[in-house]
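My numbering numbers the first residue of the sequence shown as 3 and each following residue consecutively.
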Amino acid sequence: IPTGDGMALVSYSSPEAPVECALEISRGLKEHPELKLRMGVHSGPVSGVIDVNERANVAGAGVNIAQRVMDCGDAGHILLSKRVAEDLAQYGHWRPYLYDLGECEIKHGDVISVSNLYTDELGNPESPQKFKAKERKGTHARTAKMGGKLIWVTAGVTILAAALFLGGRLNLFQSKPSTISERTISESLDLPRVAAAVRPAVALIEIFGPVR
Numbered sequence: 003i004p005t006g007d008g009m010a011l012v013s014y015s016s017p018e019a020p021v022e023c024a025l026e027i028s029r030g031l032k033e034h035p036e037l038k039l040r041m042g043v044h045s046g047p048v049s050g051v052i053d054v055n056e057r058a059n060v061a062g063a064g065v066n067i068a069q070r071v072m073d074c075g076d077a078g079h080i081l082l083s084k085r086v087a088e089d090l091a092q093y094g095h096w097r098p099y100l101y102d103l104g105e106c107e108i109k110h111g112d113v114i115s116v117s118n119l120y121t122d123e124l125g126n127p128e129s130p131q132k133f134k135a136k137e138r139k140g141t142h143a144r145t146a147k148m149g150g151k152l153i154w155v156t157a158g159v160t161i162l163a164a165a166l167f168l169g170g171r172l173n174l175f176q177s178k179p180s181t182i183s184e185r186t187i188s189e190s191l192d193l194p195r196v197a198a199a200v201r202p203a204v205a206l207i208e209i210f211g212p213v214r
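Dropping the structure here:
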């Protein structure tokens with residue numbers, strides 16, 4: 003679904019689908035360094051609508067929050083909302099790649115809890131500029147790793163900045179398998195999938211700079 007300088011992807015399956023998609027996109031971008039993207043993933047309520055151009059689209063809080071999550075990041079980041087992060091953390095194989103960043107201030111002075119998703123090869127391990135600014139002001143953003151070898155952090159990831167939305171409740175991003183630390187996603191995620199009845203996920207993608 004086009005959204006200005008970006009696009010939104012909607013998944014109605016497991017919370018893993020949008021994250022797998024985000025990692026696959028990140029992998030593909032290695033061959034196109036001129037494209038600067040950031041992605042945000044969230045899971046929440048959305049409604050199907052027909053826009054003024056008579057095209058099917060989606061709208062709702064799920065999409066809006068996914069965008070807010072994405073806006074907290076910089077080029078290369080795959081950020082997740084608290085809900086998404088908590089859902090993924092239920093699968094042990096995801097925990098080593100989830101990093102709690104703490105709270106990010108968004109519009110109207112509101113704050114949202116955000117986590118960063120990255121592997122040794124994919125994503126952006128750097129702290130987003132918005133969080134660095136907080137640190138410079140003396141407020142240290144939490145960067146503890148959820149689960150795995152580090153401390154469990156009560157945060158969840160539900161939006162992938164770069165794609166989002168669709169009906170009921172959404173889970174951002176859907177894609178074919180990609181590799182994580184020399185293992186394919188399909189192999190490393192060889193666990194039971196949650197029922198398709200779970201809230202849909204939305205992933206937002208924003209492009210920085212011209213696309214050639």
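From the three backbone atoms N, C-alpha and C, an ideal C-beta is built for every residue, glycine too.
Nothing here was measured: the structure is a model prediction, and the numbers come from that model.
Residue j and residue i - do their beta-carbons sit closer together than 9 Å?
i              : j             : result
serine 117     : leucine 103   : yes
valine 60      : glycine 50    : yes
methionine 72  : glycine 42    : yes
proline 35     : leucine 90    : no
lysine 38      : alanine 63    : no
isoleucine 101 : threonine 121 : The identity of residue 101 in the sequence shown is tyrosine, whereas the question assumes isoleucine. No.
Who does residue i pair with in a DSSP beta bridge?
i             : result
glutamate 22  : Paired residues: none, contrary to the question.
leucine 119   : Leu100
glutamate 105 : Ser115
Could you work out which residue in the options is closest to residue i when comparing CA atoms only?
i             : options                       : result
leucine 124   : Lys132, Leu11, Ala19, Glu26   : Glu26
lysine 32     : Asn126, Lys134, Pro130        : Asn126
lysine 109    : Glu88, Gln69, Leu100          : Gln69
glutamine 131 : Ala87, Ser15, Arg40, Gly111   : Arg40
lysine 134    : Ser15, Glu22, Glu107, Ile52   : Glu107
glutamate 88  : Lys136, Gly111, Leu119, Ala58 : Leu119
Under the assumption that residue i contacts residue j (Cβ atoms under 8 Å), give the Cβ distance between them as a whole number of angstroms.
i              : j             : result
glycine 46     : isoleucine 80 : The Cβ separation is near 18 Å, so there is no contact.
valine 48      : valine 65     : 6 Å
serine 13      : alanine 19    : 4 Å
isoleucine 114 : glutamate 128 : Their Cβ separation, rounded to whole angstroms, is 19 Å, which puts isoleucine 114 and glutamate 128 out of contact at 8 Å.
histidine 44   : arginine 97   : Histidine 44 to arginine 97, Cβ: 19 Å. No contact.
Residue ranges of each alpha helix (DSSP H) run of no fewer than 4 residues wholly in the segment 11-86, ordered along the chain? Here the runs fully enclosed are 18-31, 63-73.
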